[in-house]
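Chemist:
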Amino acid sequence: MDADVIVVGGGPAGSTAAREIASRGHRVLLLDRADFPRDKACGGGVSMKTAALLPLDLSPVTERIATGVILGDPSTRMIPRDHDQPILYLTQRRRLDALLLDAAREAGVDIREGQHVQAVRRDAEGTYEVVARRDDTLTTYRARVVVGADGANSVVARDLGFGPPEERGVALEGNLPCPNGVPPWLEHRVLISFATVPGGYGWLFPKGDHVNVGVGGLVEAGPGLRTELARFTGLFGWDVEELRDVRATRCRSGAAAGAWRAAVRL
Ligand SMILES: Cc1cc2nc3c(=O)[nH]c(=O)nc-3n(C[C@H](O)[C@H](O)[C@H](O)COP(=O)(O)OP(=O)(O)OC[C@H]3O[C@@H](n4cnc5c(N)ncnc54)[C@H](O)[C@@H]3O)c2cc1C
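With this note's numbering, letter number 92 in the sequence shown gets 72, and the count goes up by one each step, no holes.
#1: Below 7 Å, is the gap between the Cβ of P(-8) and the nearest heavy atom of ligand 1?
#2: In or out: L246 buried (at least 16 other Cβ within 10 Å) or exposed?
#3: Going by DSSP, what residue range makes up the alpha helix (DSSP H) through D62?
#4: For ligand 1, any of its heavy atoms closer than 7 Å to the Cβ of Q95?
#5: Answer yes if the segment 150 to 170 comes into contact with the segment 117 to 132, meaning at least three C-beta pairs across the two stretches below 8 Å, and no otherwise.
#6: For the 8 Å Cβ check, are there 3 or more pairs between the segment 67 to 77 and the segment 30 to 40?
#7: CB L152 to CB L209, shorter than 8 Å?
#8: Drop a sphere of 10 angstroms on the beta-carbon of R61, count the other beta-carbons inside from all chains shown, and report buried for 16 or more, exposed for fewer.
#9: Following the continuous beta strand (DSSP E) through S27, name the residue where it begins and the one where it ends.
#10: CB of A251 to nearest heavy atom of ligand 1: below 7 Å?
#11: According to the neighbour-count rule (16 or more other Cβ atoms, all chains shown, within 10 Å of its Cβ), is Q65 buried or exposed?
#12: Just checking E208 against ligand 1 - is the residue's beta carbon closer than 7 Å to any of the ligand's heavy atoms?
#13: Tell me, please, which residues DSSP counts as bridged to I45.
#14: Checking 8 Å against the spacing of the C-beta atoms, do I45 and L51 come in under that value?
#15: Which value, in whole angstroms, describes the spacing of the CA atoms of P163 and G196?
#16: DSSP three-state label for G(-6), please.
#17: My understanding is that L184 touches L205, with C-beta atoms under 8 Å, so please give their C-beta distance in whole angstroms.
#18: In three-state terms, what does DSSP make of W183?
#19: Here's a check: name, in chain order, each residue in its chain whose Cβ is nearer than 6 Å to the Cβ of L76, leaving out the five neighbours to either side.
#20: Is R101 helix, strand or coil when you go by DSSP?
#21: Once DSSP output is grouped into helix, strand and coil, what is the label at A84?
#22: Quick check: is any heavy atom of ligand 1 less than 7 Å from the C-beta of G(-11)?
#23: In this structure, does DSSP put T107 in helix, strand or coil?
#24: Would N192 and G48 be called neighbours here (beta carbons separated by less than 8 Å)?
#25: On a Cα-Cα basis, can you pick out the residue from D15, G141, E43, I1 that is closest to H168?
#26: Identify the residues that DSSP records as bridge partners of H190: which are they?
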């Protein structure tokens, strides 16, 4: 056996599971296809509830603290709701995920980056075989337990019979550089607007030197998403061409999609 437990995926779920299991004395091997630090399409907002669960100080990777939310956008109404307490830590996933992975490493997890898992199978004795590729090299790792933390398009879920999610979503985001600072009205707030993509939403999440701007919705919104991102960005007087690190992603949207379809039927 290569380990007691193999964790596939080194995002927040995988690195947290790996750290917790290793800290209980088990041998843990974590495989991720990426070389860290790596980025991922995400607003990078960590709720207070989540932060309280982590035995880690997030301040080294916190770029801003939101104490308020603006609901809506200039095409509708902008309704600010401010609090006297923090509601969200704002970070970047490449920084947060690297911090969490380092904590797992310190707990004794054997982390192998650049290992793209191709297949997972279980042999007659109940041992899991995880086949990973780096360049032209295939390596098979074995353990009695596998944790599938490889995200919304999980190979582990596919191969172990959990199937694809019923509903899929799509999102497109980019970073607007703010060399002169984030606009004052957004400095300590995030903005969420449900008046964008049908069944989805648009968001502005301010970070240290940029604003993360995105739109997302049901999978059928995919072909129009670039237009929606340009329209949403333009509502604030910005040009979509100014966005950097533009990324699209396919994600799960089960509950949100179900709720939206139910609302449309009503
Ligand atoms: C557009 C968008 C905005 C979001 N904004 C927020 C937000 O502001 N706040 C919030 O709390 N949540 C947000 N989310 C949700 C959040 O991103 C996810 O809940 C979170 O990333 C899930 O973590 P995870 O560890 O399960 O998976 P992931 O973060 O997706 O990590 C999966 C890991 O598995 C690796 N992997 C995948 N396939 C393989 C493979 N075959 N072999 C090896 N490794 C593999 C990947 O490289 C990755 O490192 C957002 C999601 C989207 C799509």
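For glycine and all other residues, C-beta sits at the position ideal for the given N, C-alpha and C.
Modeler: This is what the structure gives:
#1: Checking every heavy atom of ligand 1 against the Cβ of P(-8), one is found closer than 7 Å.
#2: Low confidence applies here, because L246 scores a pLDDT of 49, under 50, leaving its location unreliable; read the following figure in that light. By the Cβ-count criterion, L246 is exposed, with fewer than 16 other Cβ atoms from all chains shown falling within 10 Å of its own Cβ.
#3: Counting along the chain, D62 falls outside any alpha helix (DSSP H), though it belongs to the beta strand (DSSP E) covering 59 to 62.
#4: Taking the Cβ of Q95 as the reference point, at least one heavy atom of ligand 1 falls within a distance shorter than 7 Å.
#5: No, they do not touch.
#6: These segments touch.
#7: Cβ atoms of L152 and L209: closer than 8 Å.
#8: The residue in question, R61, is exposed, as its Cβ has fewer than 16 Cβ neighbours within 10 Å.
#9: From DSSP, the beta strand (DSSP E) with S27 extends over 25 to 27.
#10: Outside the shown range of the chain, which is -19 to 246, sits residue 251, and nothing can be said about it.
#11: Exposed, by the Cβ-count rule.
#12: Incorrect: E208 has no Cβ contact closer than 7 Å to ligand 1.
#13: Partner(s): Y69.
#14: The answer is no: Cβ separation not under 8 Å.
#15: Straight-line Cα distance between these residues: approximately 23 Å.
#16: DSSP places G(-6) in the helix class (H, G or I) of the three-state scheme.
#17: Between L205 and L184 the Cβ distance is about 16 Å, and since that is not below 8 Å, they are no contact.
#18: In the structure shown, W183 sits in a strand (DSSP, three-state: E or B).
#19: Cβ neighbours of L76 beyond the five flanking positions: V41.
#20: If DSSP states are grouped into helix, strand and coil, R101 belongs with the strands.
#21: DSSP places A84 in helix when its eight states are reduced to three.
#22: Under cutoff, so the answer is yes.
#23: Coil, per DSSP.
#24: Cβ atoms of N192 and G48: not closer than 8 Å.
#25: It is E43.
#26: As a beta-bridge residue in DSSP terms, H190 pairs with P157.
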